[in-house]
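Heads up: the structure comes next, in C-alpha cells.
Residue numbers (this note's numbering): 3 to 113.
This is the structure:
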C-alpha cells in the first residue's frame, strides 16, 4: 500500500459509457467493476461526477463516494482541464479509491 501511495497518478484503469437510464447505469457500473475488483483496501469505483473540487464515484454495491479537499491531491493532475485524455478523470472513469485516515482530519477517501 505504501508503494501505491508514493507513485505518481497514472490515470483511470478504463473508461466506460454511462447510460442515462438508472437501471442501465447500474448494470454498466456493475459490469465495469466486475472486471476491476477491489484489491484489499484499495477499492474500485466508477466516476459519475468530476471537477477540480470534487469527485463523485459509485462502488459496485451502489455506495456513492464523494472525494474532496485533501483526498483529491493524489489525482489533481487528472482533474485539470489540460490533462491528457488517457489520464483525465471524468464521468465513466474506473478509478481506485483508498480510505486515508489522519487523526486530525478523520477518514477521507483518496482517489
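Note that CB positions come from ideal geometry on N, CA and C, so glycine has one too. If you're wondering where the values come from, they're calculated on a predicted model, not measured in any experiment.
Query raised in the report: Between the beta-carbon of residue 57 and the beta-carbon of residue 81, is there less than 9 Å?
Result: Walking along the chain shown from the start, residue 57 turns up at place 55. Walking along the chain shown from the start, residue 81 turns up at place 79. Yes, they are a contact pair.
Query raised in the report: Three-state secondary structure (DSSP) at residue 82?
Result: By 1-based counting over the chain shown, the position of residue 82 is 80. Coil at residue 82, not helix or strand.
Query raised in the report: For residue 56, does the three-state DSSP call read helix, strand or coil?
Result: Against the chain shown, residue 56 aligns to sequence position 54. Strand at residue 56.
Query - residue 31 (DSSP reduced to helix, strand or coil) - result: Within the chain shown, residue 31 is the residue found at index 29, counting from 1. Note: residue 31 maps to helix in three-state DSSP.
Requested in this report: Rounded to whole angstroms, what's the CA-CA distance from residue 71 to residue 53? Just pull it up for me.
Outcome: Here residue 71 refers to the residue found at position 69 when the chain shown is read from its first residue. Here residue 53 refers to the residue found at position 51 when the chain shown is read from its first residue. In a straight line, the C-alpha of residue 71 is about 12 Å away from that of residue 53.
Query raised in the report: At what residues does the beta strand (DSSP E) containing residue 91 begin and finish?
Result: Locating residue 91 in the chain shown gives position 89, where the first residue counts as 1. Here residue 91 belongs to no beta strand (DSSP E), and DSSP marks it neither H nor E.
**Report entry** Unbroken beta strand (DSSP E) run spanning residue 22, endpoints
**Finding:** Here residue 22 is taken as the residue at index 20 of the chain shown, counted from 1. Where residue 22 is concerned, there is no enclosing beta strand (DSSP E), given that its DSSP letter is neither H nor E.
Query raised in the report: Mapping DSSP to helix, strand and coil, what is residue 72?
Result: The residue given as residue 72 occupies position 70 in the chain shown. If DSSP states are grouped into helix, strand and coil, residue 72 belongs with the helices.
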